[in-house]
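> So the protein sequences, as listed, match chains A and B. Oh and the first sequence: position 152 is 151 in our numbering, straight run, nothing missing. Oh and the second sequence: position 61 is 60 in our numbering, straight run, nothing missing. No residue lacks a Cβ here, since even glycine has one placed at the ideal position from N, Cα and C. Mind having a look at this structure? Questions to follow.
Number of protein chains: 2
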Amino acid sequence: MRRISIVTEKPKLEDVAKLAGVSPTTVSRVLNNRGAISDKTRRRVNNAIEQLNYHPNEIARSLFVSKTHFIGLIFPTTGHPFYGELVFQIESILSDKNYKVLICNTMDQAEKENKYLNMLLANQVDGMIVGAHNIGIETYQRAHLPIVAIDRKVSDTITVVSSDNYQGGRMAAEELLRQGRTKIIHINSVMQREALSSYQRRKGYEDVMTEHGLPFKTYTMDLPFDTEVKKQILSSILDKHPDLDGMFLGDDITAAIALSMVRKREKDIFIVGYDGTETITTCLPELTTIVQPIRSMAQLAVDLLLKEINDDFNDIKKNYVLPVTLKRGE
Amino acid sequence: MRRISIVTEKPKLEDVAKLAGVSPTTVSRVLNNRGAISDKTRRRVNNAIEQLNYHPNEIARSLFVSKTHFIGLIFPTTGHPFYGELVFQIESILSDKNYKVLICNTMDQAEKENKYLNMLLANQVDGMIVGAHNIGIETYQRAHLPIVAIDRKVSDTITVVSSDNYQGGRMAAEELLRQGRTKIIHINSVMQREALSSYQRRKGYEDVMTEHGLPFKTYTMDLPFDTEVKKQILSSILDKHPDLDGMFLGDDITAAIALSMVRKREKDIFIVGYDGTETITTCLPELTTIVQPIRSMAQLAVDLLLKEINDDFNDIKKNYVLPVTLKRGE
DNA sequence: ATGAAAGCGCTAACAG
DNA sequence: CTGTTAGCGCTTTCAT
Numbered sequence: 000m001r002r003i004s005i006v007t008e009k010p011k012l013e014d015v016a017k018l019a020g021v022s023p024t025t026v027s028r029v030l031n032n033r034g035a036i037s038d039k040t041r042r043r044v045n046n047a048i049e050q051l052n053y054h055p056n057e058i059a060r061s062l063f064v065s066k067t068h069f070i071g072l073i074f075p076t077t078g079h080p081f082y083g084e085l086v087f088q089i090e091s092i093l094s095d096k097n098y099k100v101l102i103c104n105t106m107d108q109a110e111k112e113n114k115y116l117n118m119l120l121a122n123q124v125d126g127m128i129v130g131a132h133n134i135g136i137e138t139y140q141r142a143h144l145p146i147v148a149i150d151r152k153v154s155d156t157i158t159v160v161s162s163d164n165y166q167g168g169r170m171a172a173e174e175l176l177r178q179g180r181t182k183i184i185h186i187n188s189v190m191q192r193e194a195l196s197s198y199q200r201r202k203g204y205e206d207v208m209t210e211h212g213l214p215f216k217t218y219t220m221d222l223p224f225d226t227e228v229k230k231q232i233l234s235s236i237l238d239k240h241p242d243l244d245g246m247f248l249g250d251d252i253t254a255a256i257a258l259s260m261v262r263k264r265e266k267d268i269f270i271v272g273y274d275g276t277e278t279i280t281t282c283l284p285e286l287t288t289i290v291q292p293i294r295s296m297a298q299l300a301v302d303l304l305l306k307e308i309n310d311d312f313n314d315i316k317k318n319y320v321l322p323v324t325l326k327r328g329e
Numbered sequence: 000m001r002r003i004s005i006v007t008e009k010p011k012l013e014d015v016a017k018l019a020g021v022s023p024t025t026v027s028r029v030l031n032n033r034g035a036i037s038d039k040t041r042r043r044v045n046n047a048i049e050q051l052n053y054h055p056n057e058i059a060r061s062l063f064v065s066k067t068h069f070i071g072l073i074f075p076t077t078g079h080p081f082y083g084e085l086v087f088q089i090e091s092i093l094s095d096k097n098y099k100v101l102i103c104n105t106m107d108q109a110e111k112e113n114k115y116l117n118m119l120l121a122n123q124v125d126g127m128i129v130g131a132h133n134i135g136i137e138t139y140q141r142a143h144l145p146i147v148a149i150d151r152k153v154s155d156t157i158t159v160v161s162s163d164n165y166q167g168g169r170m171a172a173e174e175l176l177r178q179g180r181t182k183i184i185h186i187n188s189v190m191q192r193e194a195l196s197s198y199q200r201r202k203g204y205e206d207v208m209t210e211h212g213l214p215f216k217t218y219t220m221d222l223p224f225d226t227e228v229k230k231q232i233l234s235s236i237l238d239k240h241p242d243l244d245g246m247f248l249g250d251d252i253t254a255a256i257a258l259s260m261v262r263k264r265e266k267d268i269f270i271v272g273y274d275g276t277e278t279i280t281t282c283l284p285e286l287t288t289i290v291q292p293i294r295s296m297a298q299l300a301v302d303l304l305l306k307e308i309n310d311d312f313n314d315i316k317k318n319y320v321l322p323v324t325l326k327r328g329e
């Protein structure tokens, strides 16, 4: 079967120029508000643009100016509320500043992270915000590109934005003590393996326990995105500690699983989670959790990134730590 | 303050060619595995590529071949678990096929949706998947671009993928009846205003009620992303119906809010939600809900989109409806 | 106030 | 098997 294609080719700047009876240069000037143009020709050009329903080709423009206004985002998965909300905030703020976002979900796989990094470089992104942590920071540095890391290990070669994980760990432990608990364990997931965010939280928890002369125990889970595995591990941990009365979980999803498991077993174990996303605090208001300031983290990360992009000679990398808050369960 | 820039410029294909002592064409051929190349030169070229740490500029390539391998995704917000998970799935599948994803969060604002649409067109995306519904479908059609809509109104000018919202509504109502409930209301949010997905769900619910000779009542909420407003509305609805024993909510987040509200009031109201995301079924396993097949929807949407992209003359638009399932609360 | 010409980095005829 | 040439759609000196 054949069909006669009536599809008019996408008009280009040259077509506009011809229709308006001017040079391409003039059209470009009208489009970018550059130089001086007589009102007459401006009108003629704008008419032609409208008649042809012309839209400038940003890709061609990007090639010429060697700036794409693309920002790459590398995160474990938007399917997790913390990253889903963080990515949403980052994208919203960037969009307001006329940047466009390429999204990459690594699922904590180093191989994917590497592939995405190369893809972003090949596509000439102006910068990246990275919340995945499965390949070394050096790999990113080789890119010689403005980069802001979220929750990555403190570094003086890259800008890092994080929330106060050490205080978060302390606050969680202190709240558990305040609730009269003493036999408290901590479970963190490997999701933030190299981030050290989980290390800091753990340290906060362990320090508080030590300061109060109490024993502590930290478990680390290996398959953070698989609910069934999480359940099994949690279950065996509960079996191993029949006298437990407090738990500090590294994230709210795991905390939620623990919560319903504890309820099912009719145990009196007080649970504190971590992240405090909109989703979880809305759906599970009874959960006590440490709230990360997602919105501020997004804002700061974007501000710093854009500053790096625009100030060529700024290579002072800093670590920014934002405060966390405790949200008591209802 | 001045600084001497030691930054070596990004190498280009020409640099590789010079270093390898061959023509740019040859380098291009090595990169794209096209034509016949002697092993000797291939090695020389590859060496040069490595020495210079050369990475091809995809933007330049895109311009030439007039294909970007960019896909635009327009959704309300990745901060909502349903869209967060859907976007994750879509991006993962597309990434496997070497497509890159530009993400757009409209927050249900028509103005943003329009801006994003134009941005995507200007950036020469090869296609789009649209789950936002605040501007008319005609606006999208004007783009003359492969597009797949998710949960949009049935249409014969655009491919639509959705789950079986009518059956979903029926299943929710039937489950409530099975639970011995008879005074059942339905609340849907305006989030899917024009999608008609919410209309279908409502119809399913109302049909079942009618078939059983029972009265029905449907409320529509106007500010779907604001938890506080939702609470107030839900609260006043509960006040208005003191004898209520069943509720069917248009999404799980709202259902979760209703659930904790009902618990607080110590009412015996059976609640059925909608969406069945990983996040919610994990965090709130006690919630009964209608599960949309997110993964299959993503897969189908991508398959159809890529087919449209690759088969130029295929303009048979179809509507694909995927089955939903009931997940009983634990 | 406007235009001609060159080129961003790449690829695809076409030639040899 | 390899190179020369032209050009994707745009912007920007440099003229006039």
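Excluding sequence positions up to five away, which residues of its chain have a Cβ less than 7 Å from the Cβ of histidine 68 (chain A)?
The answer, listed in chain order, is Asn97, Tyr98, Lys99 and Asp125.
> Rounded to whole angstroms, what is the Cα-Cα separation between glycine 212 (chain A) and methionine 170 (chain A)?
Answer to the nearest angstrom: the Cα atoms are 17 Å apart.
> Got a sec: which bits of the stretch 225–259 of chain B sit with their beta carbon under 8 Å from any beta carbon on chain A, in order along the chain?
So the list reads Thr226, Asp251, Ile252, Ala255, Ile256 and Ser259, given in the order they occur along the chain.
> Taking a cut of 9 Å between CB atoms, which residues from the stretch 113–141 of chain B lie near chain A?
Answer in chain order: Lys114, Tyr115, Asn117, Met118, Leu119, Leu120, Ala121, Asn122, Gln123 and Arg141.
> Under 7 Å between C-beta atoms, does glycine 78 (chain A) make it to chain B?
Taking Cβ atoms only, chain B reaches closer than 7 Å to glycine 78 (chain A), which makes this a yes.
> Can you check whether the C-beta of lysine 99 (chain A) is within less than 7 Å of a C-beta belonging to chain B?
Answer yes: the Cβ-Cβ gap between lysine 99 (chain A) and chain B drops below 7 Å somewhere.
> Does any C-beta atom of chain B lie closer than 7 Å to the C-beta of asparagine 32 (chain A)?
Not one chain B Cβ lies under 7 Å of asparagine 32 (chain A).
> Consult DSSP for leucine 283 (chain A) and reduce its assignment to one of helix, strand or coil.
Coil.
> Excluding the 5 residues flanking threonine 181 (chain B) on each side, which residues of the same chain have their C-beta closer than 6 Å to its C-beta?
The answer, listed in chain order, is Leu213.
> Just to make sure I have the definition right: I need the residues of chain A whose C-beta is within less than 8 Å of the C-beta of serine 91 (chain B). Which are they?
Correct list: Asn104 and Met106.
> Take tyrosine 115 (chain A) as the anchor and find which of A:Asp206, A:Ile89, A:Pro75 and A:Leu12 has the nearest alpha-carbon.
If we check each option's Cα against that of tyrosine 115 (chain A), A:Pro75 comes out closest.
> State the beta-bridge partners of aspartate 274 (chain A) as determined by DSSP.
Paired residues: A:Val290.
> Answer yes or no: does any C-beta atom of chain A fall closer than 7 Å to that of threonine 278 (chain B)?
Chain A, which has a Cβ nearer than 7 Å to the Cβ of threonine 278 (chain B), makes this yes.
> Compute the distance between the beta-carbons of glutamate 174 (chain A) and valine 271 (chain A), then report whether it is under 7 Å.
In this structure, valine 271 (chain A) lies closer than 7 Å to glutamate 174 (chain A) by Cβ.
> Is the shortest distance between the beta-carbon of alanine 59 (chain B) and the beta-carbons of chain A less than 7 Å?
Output row for alanine 59 (chain B): interface = yes.
> Would you kindly check if the distance between the Cβ of threonine 77 (chain B) and the Cβ of phenylalanine 87 (chain A) is under 7 Å?
A contact, by the Cβ cut-off of 7 Å.
> I'd like to know whether the C-beta atoms of phenylalanine 215 (chain B) and glutamate 227 (chain B) end up nearer to each other than 7 Å.
Result no, Cβ atoms of phenylalanine 215 (chain B) and glutamate 227 (chain B) do not sit closer than 7 Å.
> How many angstroms separate the CA atom of glutamate 110 (chain A) from the CA atom of leucine 119 (chain A)?
Roughly 14 Å separates the two Cα atoms.
> With threonine 24 (chain B) as the anchor, note down where its alpha helix (DSSP H) starts and where it stops.
From DSSP, the alpha helix (DSSP H) with threonine 24 (chain B) extends over 23–31.
> Per DSSP, asparagine 97 (chain B) forms a beta bridge with which residues?
Partner(s): none; asparagine 97 (chain B) has no beta bridge.
> When the cut-off is 7 Å and only beta carbons count, does threonine 156 (chain B) lie next to chain A?
No, because no Cβ of chain A sits closer than 7 Å to the Cβ of threonine 156 (chain B).
> Give the secondary structure of tyrosine 53 (chain A) by DSSP, where H, G and I count as helix, E and B as strand, and everything else as coil.
Note: tyrosine 53 (chain A) maps to coil in three-state DSSP.
> What separation, rounded to the nearest whole angstrom, lies between the Cα atoms of lysine 39 (chain A) and isoleucine 186 (chain B)?
Lysine 39 (chain A) and isoleucine 186 (chain B): Cα-Cα distance of roughly 56 Å.
> Which residue spans inside the stretch 86–164 of chain A form an unbroken alpha helix (DSSP H) run of at least 4?
For the stretch 86–164 of chain A, whole alpha helix (DSSP H) runs of length 4 or above, ordered along the chain, are 109–121 and 136–140.
> Does the distance from the C-beta atom of alanine 59 (chain A) to that of leucine 62 (chain B) stay below 7 Å?
Their beta carbons are under 7 Å apart, which means alanine 59 (chain A) touches leucine 62 (chain B) by this criterion.
> If we cut at 7 Å on Cβ distances, does phenylalanine 74 (chain B) have a partner in chain A?
With 7 Å as the cut-off, phenylalanine 74 (chain B) does not count as an interface residue toward chain A.
> Glutamine 342 (chain A): which of B:Ser91, B:Val160 and B:Ile308 sits nearest, CA to CA?
Residue coverage of chain A in this structure runs from 0 to 329, which leaves residue 342 (chain A) outside it and unanswerable.
> Does isoleucine 5 (chain A) come within less than 7 Å of chain B when only Cβ atoms are used?
Residue confidence for isoleucine 5 (chain A) is low, a pLDDT of 38 falling below 50, so the modelled location carries little weight; the figure read from the coordinates is stated next. By this cut-off, isoleucine 5 (chain A) is not an interface position.
> Could you check what DSSP says for valine 320 (chain B) in three-state terms: helix, strand or coil?
In this structure, valine 320 (chain B) counts as strand in the three-state DSSP scheme.
> Under 7 Å between the Cβ atoms of proline 322 (chain B) and aspartate 163 (chain B)?
Yes, Cβ-Cβ distance for proline 322 (chain B) and aspartate 163 (chain B) is below 7 Å.
> Please name the residue, chosen from B:Glu329, B:Thr324 and B:Ile308, that lies closest to isoleucine 70 (chain B) on a Cα-to-Cα basis.
Among B:Glu329, B:Thr324 and B:Ile308, the Cα nearest to that of isoleucine 70 (chain B) belongs to B:Ile308.
> Within its chain, find whatever has a CB closer than 6 Å to the CB of tyrosine 53 (chain B); leave out the 5 residues flanking it on each side and keep chain order.
Counting only Cβ-Cβ distances below 6 Å, and skipping sequence neighbours, we find Pro10 and Val15.
> Can the beta-carbon of leucine 93 (chain A) be found closer than 7 Å to that of valine 301 (chain A)?
Against a cut-off of 7 Å, the Cβ pair of valine 301 (chain A) and leucine 93 (chain A) comes out as a contact.
> Give a yes or no on whether 7 Å exceeds the smallest Cβ distance from arginine 86 (chain B) to chain A.
As written in the sequence, residue 86 (chain B) is valine, which differs from the arginine given in the question. Answer yes: the Cβ-Cβ gap between valine 86 (chain B) and chain A drops below 7 Å somewhere.
> Where lysine 317 (chain B) and alanine 297 (chain B) are concerned, what is the direct C-alpha to C-alpha distance, given to the nearest angstrom?
Computed Cα separation, rounded: 16 Å.
> At the 7 Å Cβ level, is threonine 281 (chain A) part of the contact set with chain B, yes or no?
Threonine 281 (chain A) counts as touching chain B.
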